[in-house]
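Peer 1:
In the working numbering, the protein residues as written are 5 to 296.
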């Protein structure tokens, strides 16, 4: 959907942004634990698979940038989102390899970076986080809409306006989901029973959330998401041959004949891949062995 010039520019910006996040993360003395980083990455991946109906035959899904930034810090949040987006592209064929730069810019740089910008001017807290979550979705949709307009719509602003309108509603859901998960994962249970449990409450909840998300993924809304709906409505889609065949294309394990199991196995493999990649990335960023 994007012209080469837009793909190149967004790729350069994304590379610079992710590079800056890596540099800042290496210098950051308060790094998140590796398991916390892994936990955040896999939660966002699973939740992004759960499309839900929005309006007028469209669906939306969780973005997760502000959740990542609020749990890990802005720089590590950008890296977490970058890992999710990259694996989605290379393993699941989601988004296309030529638009990876644009997706990294929209979902990682803007998606997680919004939290850092908002909390610079507003006191951090639940309300601020909810506002940042809504803004992140709207800002990312604005950037995506602008990229579409510059690529195929000329001076016709309707796709841009439609993108923002649809995602303004999705942003409301983003805010509520972000606050709900954040509250659940960060709430401290000081009861004796909680002290008896070896794993922290956040890890137990994360495990249930990931397993539940994988089991529910096959029931996600089949309606087109906001971007797909806008592209179809304004005829911005153009058929082209993919540069490579993703092994788990469209979040399906093609070697499994049963449709439900195919989706669940694909989600499970995605969780395993992302857990490995994110753990390795965090180990490299730590520089030395930190307690996980």
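Every residue gets a Cβ at the ideal spot worked out from N, C-alpha and C, and that includes glycine.
Among the candidates 266, 291, 226 and 121, whose CA atom is the shortest distance from the CA of residue 63?
Peer 2: The residue given as residue 63 occupies position 59 in the chain shown. Checked all of 266, 291, 226 and 121; the closest Cα to residue 63 is 226.
Peer 1: What is the residue span of the alpha helix (DSSP H) that residue 134 lies within?
Peer 2: Here residue 134 corresponds to residue number 130 of the chain shown, with the count starting at 1. Segment 130 to 152, the alpha helix (DSSP H) holding residue 134.
Peer 1: Specify the secondary structure class of residue 258 as computed by DSSP and reduced to three states.
Peer 2: Translated into positions along the chain shown, residue 258 becomes position 254. Residue state, collapsed to three classes: coil.
Peer 1: Decide if residue 196 is buried, meaning its Cβ has at least 16 other Cβ atoms within 10 Å, or exposed.
Peer 2: Here the question's residue 196 lines up with position 192 in the chain shown. Bear in mind that a pLDDT of 44 at residue 196, under 50, signals an unreliable position, so the model cannot answer this.
Peer 1: Excluding the five sequence neighbours on either side, which residues of its own chain have a C-beta within less than 6 Å of the C-beta of residue 286, listed in chain order?
Peer 2: For this step, residue 286 is matched to residue 282 along the chain shown. Here the set comprises 38 and 41.
Peer 1: Starting from residue 237, trace the alpha helix (DSSP H) both ways and give me its first and last residue.
Peer 2: The residue you call residue 237 lines up with position 233 of the chain shown. Taken as a continuous stretch (DSSP letters only), the alpha helix (DSSP H) holding residue 237 covers 230 to 237.
Peer 1: Any beta-carbon of chain D closer than 7 Å to the one on residue 228?
Peer 2: In summary, chain D is missing from the structure at hand, where a single protein chain is found.
Peer 1: Counting along the chain, where does the alpha helix (DSSP H) carrying residue 111 start and finish?
Peer 2: Counting from 1 along the chain shown, the entry for residue 111 is found at position 107. Note, residue 111: premise wrong, no alpha helix (DSSP H); not H, not E.
Peer 1: Look at the Cβ atom of residue 222, then the Cβ atom of residue 264, and state whether they are nearer than 7 Å.
Peer 2: As a working mapping, residue 222 is identified with position 218 in the chain shown. As a working mapping, residue 264 is identified with position 260 in the chain shown. Their beta carbons are under 7 Å apart, which means residue 222 touches residue 264 by this criterion.
Peer 1: Mapping the DSSP letters down to three states, classify residue 226 as helix, strand or coil.
Peer 2: Indexing the chain shown from 1 puts residue 226 at position 222. Correct three-state label for residue 226: coil.
Peer 1: Tell me which same chain residues have a C-beta within less than 7 Å of the C-beta of residue 45, skipping the five on either side of it?
Peer 2: Counting from one through the chain shown, the residue named residue 45 turns up at place 41. So the list reads 84, 87, 88, 278 and 282, once near-sequence residues are dropped.
Peer 1: Going by CA-CA distance only, name the one from 11, 289 and 291 that's closest to residue 148.
Peer 2: The residue given as residue 148 occupies position 144 in the chain shown. With distances taken between Cα atoms, residue 148 lies closest to 11.
Peer 1: How about residue 252 and residue 103: are their beta carbons less than 7 Å apart?
Peer 2: For the purposes of this step, residue 252 is taken as residue 248 along the chain shown, with counting starting at 1. For the purposes of this step, residue 103 is taken as residue 99 along the chain shown, with counting starting at 1. Not closer than 7 Å, so no.
Peer 1: With residue 81 as the anchor, note down where its alpha helix (DSSP H) starts and where it stops.
Peer 2: If you number the chain shown from 1, residue 81 lands on position 77. Taken as a continuous stretch (DSSP letters only), the alpha helix (DSSP H) holding residue 81 covers 78 to 96.
Peer 1: Exposed or buried, which one is residue 80 when buried takes at least 16 other CB atoms within 10 Å?
Peer 2: Numbered from its first residue, the chain shown carries residue 80 at position 76. By the neighbour-count rule (16 or more Cβ atoms within 10 Å), residue 80 is buried.
Peer 1: Could you tell me the distance, in whole angstroms, from the CA atom of residue 168 to the CA atom of residue 273?
Peer 2: Residue numbering aside, residue 168 sits at position 164 when the chain shown is read from its first letter. Residue numbering aside, residue 273 sits at position 269 when the chain shown is read from its first letter. One alpha carbon belongs to residue 168, the other to residue 273, and they sit about 33 Å apart.
Peer 1: Within the same chain, show all residues whose beta-carbon is closer than 8 Å to that of residue 202, passing over the 5 residues directly before and after it, in chain order.
Peer 2: Position 198 of the chain shown, counted from the start, is the residue given in the question as residue 202. Confidence in residue 202 is poor, its pLDDT being 40 and thus under 50, which makes the residue's placement unreliable; the coordinate value appears in the next sentence. Around residue 202, the same chain offers no residue with a beta carbon nearer than 8 Å, after the five sequence neighbours per side are excluded.
Peer 1: Along the chain, where does the alpha helix (DSSP H) containing residue 32 start, and where does it finish?
Peer 2: The residue labelled residue 32 in the question sits at position 28 within the chain shown. Careful: residue 32 lies outside any alpha helix (DSSP H) and carries neither H nor E.
Peer 1: Can the beta-carbon of residue 178 be found closer than 7 Å to that of residue 106?
Peer 2: Along the chain shown, read from residue 1 onward, the residue named residue 178 stands at position 174. Along the chain shown, read from residue 1 onward, the residue named residue 106 stands at position 102. Taking 7 Å as the Cβ cut-off, residue 178 and residue 106 do not qualify as a contacting pair.
Peer 1: With distances taken Cα to Cα, identify the nearest neighbour of residue 214 among 75, 276 and 138.
Peer 2: Here residue 214 is taken as the residue at index 210 of the chain shown, counted from 1. The candidate whose alpha carbon is nearest that of residue 214 is 276.
Peer 1: Report yes or no: do the segment 133 to 140 and the segment 171 to 187 share at least 3 C-beta pairs separated by less than 8 Å?
Peer 2: yes
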